[in-house]
Amino acid sequence: MSIYDTLNDRQKQAVLQTSGPVLILAGAGSGKTRVLTHRIAYLIDQEGVNPYQIMAITFTNKAAGEMRERVDQIVGFGSEQIWVSTFHSTCVRILRRYIDRLGYDNNFTIYDTDDQKGVMKEICKKLQIDTKMLKERTILSAISSAKDELIDPVQYEMQNAYDYNGGRIAKAYKEYQAVLHKNNALDFDDLIMKTVELFKTDAKVLENYQERFRYIMVDEYQDTNTAQFELIRLLADKYRNLCVVGDDDQSIYKFRGANIRNILDFEKVYPEACVIKLEQNYRSTQVVLDAANAVIKNNTGRKEKALWTDKTEGNRIHLRQFDTAYEEAEYIAGDVAKKSRSEQVQYGDCAVLYRTNAQARLLEERFIMEGIPYDVIGGTNFYARREIKDILAYLKTIDNGRDDVAVKRIINIPKRGIGMTTIVRVQDYADSRQISFYDALREADQIMTIGRSASKLQPFVNMIQAFRSKQEFYSLSELVKDILETTGYVQELEASNEEDAADRIENIDELLSKVVAYEETHDEATLSEFLEEVALVADIDRVGESDNKVLLMTLHSAKGLEFPHVYLAGLEDGIFPSYMTIMSDDPLEVEEERRLAYVGITRAKDDLTITYARQRMIRGETQYNPVSRFVREIPPLLMDDKPPVQKRPDHREYDEDSRERGFFKAKPFGMGAVETEKPYRRVADSLSDTVFDKPAAGRQNGEAAFGRKFEPAVQGKPKAIVRPKRTAVENQPYITRASQGVGAVSLEPVGNKTLAYGVGDRVRHMRYGTGTVLKIEPGPRDSQVTVMFDEAGQKIMYAGFAKLVKV
DNA sequence: CGTACTAGTCTTTTT
DNA sequence: GACTAGTACG
């Protein structure tokens, strides 16, 4: 009996087929990670392959870490020699060694979206690009797509010379690359592209890696873009032992360049490829699988597969409709609480999945009220928070003085009286001398134009220089502590009356413990390596760190995970699928969303609950949306409730309708960039009239159905409007003037006069828990409330923002 | 040079 | 609704 006997026939075949190109089409939950890890073990144990010659590539650090762990378990000896990592860290590792051959320093820095935006902003200024017409974002995403397709600035210019906007983007692209090069920085896309460039320009280096990595495995292959495909193709070109694992039905990253053709055309590129389908699902019940299959079969151009399981039929899918998103959140939190009380359900068995990060907020508030431990994955990355980026900018400056973006970020943080004018003048000087911004600072006394400001620059330079020399004998954490102390960063925060100063300080503490943890796991923790690791972590990598908490995340983040109890929230046309895709002329966009629905459904092991709300607040606008078309694609008998009958089930008709009525201008194209003045609300308004057979329960008041627009006209019946506007309104110190007899409906925080609590009262705060009010200081606009929290200690906060609830 | 307020934008998803 | 960049003012 060997470890391979636990595999089914197909899986075994995939493990044993070690030579030549192999495409494993692995349906959701079909045990692909098991196959990959066993395959690695088989290569080493049975075929005597040197672990050193094996490479496994994934998309997230989490997936890489998981695979590493499982490989370590079954491979015993030499497993640490296998390269198991993400595309990005693989490339960084290669580039750190060889990028000098492309004219960069090997200690390059990695720019995140923020840094990129900063660079682009300056470029637009320099090239006199009107950012109202052509936004930094737009340019950057055009550049990113170009890089995904391995198109360099020169090619881009050739392809877009005839187009006005294209031409400008081409110029910006060229300039952008020049700036990054000057700053010795690479962005995310460069990591892949430059590695490919390296392989193509330096045959020796390529040969070296080809010879080393004789067995290459790629996970989530359906998500690779052209550049990543090329990277793999080059690496595998000599020995052609390339095994890719993927599921075309789970391709959900087109927006970041994923090319579904990579998987669909694999057999064309590798005619000798062996194709193996894994269709037995070990995860979900038959009901869940039937639902998933029923939805995905509406897509065209997919590789035919049908998941099956020998697990039991299972519960029917729970379908719940609500009047408002608020009630939806209330139900989900309540249901989780109920389950955890009565059944053998742990919080960690539950996950709530949604289409957009913004949807997390309502759910979060509700989970807090229920006292359920939860974790929100995604949204803003920890390392993208302002205070964290500030500290990292110090570290980057110490590590690599050529990173102008980092230097400029911190030159006046904390405040040193160095303003825009001085910075611009120093930059001019640097430009004229062809030196970096930091080097210009060091010569500040030479710069005539800045006059007496030079005296403010000198201490800054001295401080950085001091850090640099201390770095020699300091540990990483000592360095960070020194930075915090010398700059007085934390003191400045403490002194400031910014409302979230306490959170910021907490984050800094967390950073410090991450630094310490890094030192503990890395023998010779260098600053460069730390910065690099930090640049490449994604939020999803945190999953598993938190134990026994309900996880809240987007459908995208949920890919690759599984939970006994899954809630799919906000299943409404317009949310999921999003308006963007419904409106799109390209029907493939809806297909991509359908794959996302497929991913969502197949996350559930036992129990799936689908919820949707008639009314939802999006970006300050109330929308009315019908149930998602994807729910309608699920056979009703698989669900415990039916979606409501609609007069006109096809959404496209509404679009035409609105177009006729002049609500829609043609899609913006070319340079014309036609205005699109809040088109969505209009659709929503027109929908609310036509969608439902009977009036939605939430709008007996008539006007309420039309959303905020008409609110001022409503007299005396605030409830219907107030409710969806803010969660748990009745518990909060918000009082409508109507109820005070003033007349007009208002939702202003009324502050000092009408706080629902006083000194000595017990109150609850969203984050800090319960505490006692010590002091209330009335201010002109809002009162400052001092609260001694049981857990979090004493905090001073503005009443209007703190949303304290009397308990 | 720093601040405090206003106007405009945004998001659909992320390594 | 929330965040950010830009502006007017001290």
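Everything in the first sequence is counted per this note's numbering, starting at 3 for the first residue and increasing by one. In this text, a Cβ means the ideal position worked out from N, Cα and C, and glycines have one as well.
Should residue i go down as buried or exposed, given a rule of 16 or more other Cβ atoms within 10 Å for buried?
{"i": "Gln467", "result": "exposed"}
{"i": "Tyr1", "result": "Absent from the model: residue 1. The displayed extent of the chain is 3 to 809, so no value can be given."}
{"i": "Ile810", "result": "Because the chain spans 3 through 809 in this model, residue 810 falls outside it and cannot be assessed."}
{"i": "Tyr166", "result": "exposed"}
{"i": "Glu494", "result": "exposed"}
{"i": "Leu553", "result": "buried"}
{"i": "Lys64", "result": "buried"}
{"i": "Gly105", "result": "exposed"}
{"i": "Pro273", "result": "exposed"}
{"i": "Asp102", "result": "exposed"}
{"i": "Leu355", "result": "buried"}
{"i": "Met790", "result": "exposed"}
{"i": "Cys352", "result": "buried"}
{"i": "Ser477", "result": "exposed"}
{"i": "Ser630", "result": "buried"}
{"i": "Thr489", "result": "buried"}
{"i": "Gln13", "result": "buried"}
Among the options, which residue has its Cα nearest to the Cα of residue i?
{"i": "Phe190", "options": "Thr772, Thr92 and Lys137", "result": "Thr92"}
{"i": "Gln436", "options": "Asn185, Val592, Arg621 and Glu213", "result": "Asn185"}
{"i": "Arg454", "options": "Thr424, Ala16 and Ala432", "result": "Thr424"}
{"i": "Thr8", "options": "Gln19, Leu27, Arg36 and Ser21", "result": "Arg36"}
{"i": "Leu590", "options": "Ile254, Glu177 and Glu526", "result": "Ile254"}
{"i": "Ala28", "options": "Gly762, Arg285, Val426 and Asp47", "result": "Arg285"}
{"i": "Gly824", "options": "Gly771, Lys777 and Thr772", "result": "Look at the range of the chain in this structure, 3 to 809, and you will see that residue 824 is not part of it."}
{"i": "Ala540", "options": "Thr115, Gln83, Val492 and Gln48", "result": "Thr115"}
{"i": "Gly33", "options": "Glu199, Leu280 and Arg170", "result": "Leu280"}
{"i": "Leu481", "options": "Ala503, Lys458, Lys398 and Asp525", "result": "Lys398"}
Enumerate in chain order the residues of its own chain whose CB-to-CB distance from residue i is below 6 Å, with the five nearest sequence positions on each side excluded.
{"i": "Ala615", "result": "Phe324, Thr326, Ala327 and Glu330"}
{"i": "Trp85", "result": "Met57"}
{"i": "Gln75", "result": "none"}
{"i": "Thr60", "result": "Ala66, Thr88 and Asp221"}
{"i": "Val24", "result": "Cys245 and Cys276"}
{"i": "Val73", "result": "Thr39, Ile42 and Ser81"}
Taking the Cβ atom as the reference point for each residue, do residue i and residue j lie within a distance shorter than 7 Å?
{"i": "Lys808", "j": "Val775", "result": "no"}
{"i": "Gly576", "j": "Asn627", "result": "yes"}
{"i": "Val601", "j": "Leu557", "result": "yes"}
{"i": "Ile612", "j": "Leu640", "result": "no"}
{"i": "Phe632", "j": "Ala599", "result": "yes"}
{"i": "Ser438", "j": "Asn109", "result": "no"}
{"i": "Asn402", "j": "Thr140", "result": "no"}
{"i": "Gln230", "j": "Gly248", "result": "no"}
{"i": "Val409", "j": "Gly120", "result": "no"}
{"i": "His320", "j": "Asp107", "result": "no"}
{"i": "Asp239", "j": "Arg304", "result": "no"}
{"i": "Arg427", "j": "Thr451", "result": "yes"}
{"i": "Ala172", "j": "Ile125", "result": "no"}
{"i": "Leu810", "j": "Gln118", "result": "Past the edges of the chain, shown from 3 to 809, lies residue 810, and the structure says nothing about it."}
{"i": "Thr311", "j": "Leu291", "result": "yes"}
Please report the Cβ distance between residue i and residue j, rounded to the nearest whole angstrom; I am assuming they are in contact, meaning their Cβ atoms lie under 8 Å.
{"i": "Met160", "j": "Gly380", "result": "38 Å between Cβ atoms; not a contact."}
{"i": "Asn283", "j": "Gly31", "result": "4 Å"}
{"i": "Leu610", "j": "Val568", "result": "5 Å"}
{"i": "Phe201", "j": "Leu244", "result": "Incorrect: roughly 15 Å between the Cβ atoms, too far for contact."}
{"i": "Val536", "j": "Tyr396", "result": "The Cβ separation is near 13 Å, so there is no contact."}
{"i": "Ile393", "j": "Ile278", "result": "So it is not a contact: roughly 48 Å between Cβ atoms."}
{"i": "Ile198", "j": "Leu538", "result": "The identity of residue 198 in the sequence shown is Val, whereas the question assumes Ile. Incorrect: roughly 18 Å between the Cβ atoms, too far for contact."}
{"i": "Asn300", "j": "Arg634", "result": "That belief does not hold up - the Cβ atoms of Asn300 and Arg634 are roughly 10 Å apart, past 8 Å."}
Once the 5 residues before and after residue i are set aside, which same chain residues still bring their CB inside 7 Å of it?
{"i": "Leu45", "result": "Thr20, Val51, Ile56 and Tyr217"}
{"i": "Gln460", "result": "Ala446"}
{"i": "Met195", "result": "Lys149, Leu152 and Ala229"}
{"i": "Pro782", "result": "In this prediction, Pro782 scores a pLDDT of 41, lower than 50, which makes its location untrustworthy; no coordinate-derived value is stated."}
{"i": "Val17", "result": "Tyr6, Leu9, Val37, His40, Arg41 and Tyr44"}
{"i": "Ile374", "result": "Ala335, Val338, Ala339, Tyr349 and Val552"}
{"i": "Asp543", "result": "Thr62, Asn63 and Lys64"}
Looking only at its own chain, which residues have a Cβ that is under 8 Å from the Cβ of residue i, when we skip the five neighbours before and after it?
{"i": "Met69", "result": "Thr35, Leu38, Thr39, Ala58, Thr60, Val86 and Asp221"}
{"i": "Ser586", "result": "Val592"}
{"i": "Asp192", "result": "Lys149 and Leu182"}
{"i": "Ser479", "result": "Leu514, Val517, Val518 and Glu521"}
{"i": "Asp11", "result": "none"}
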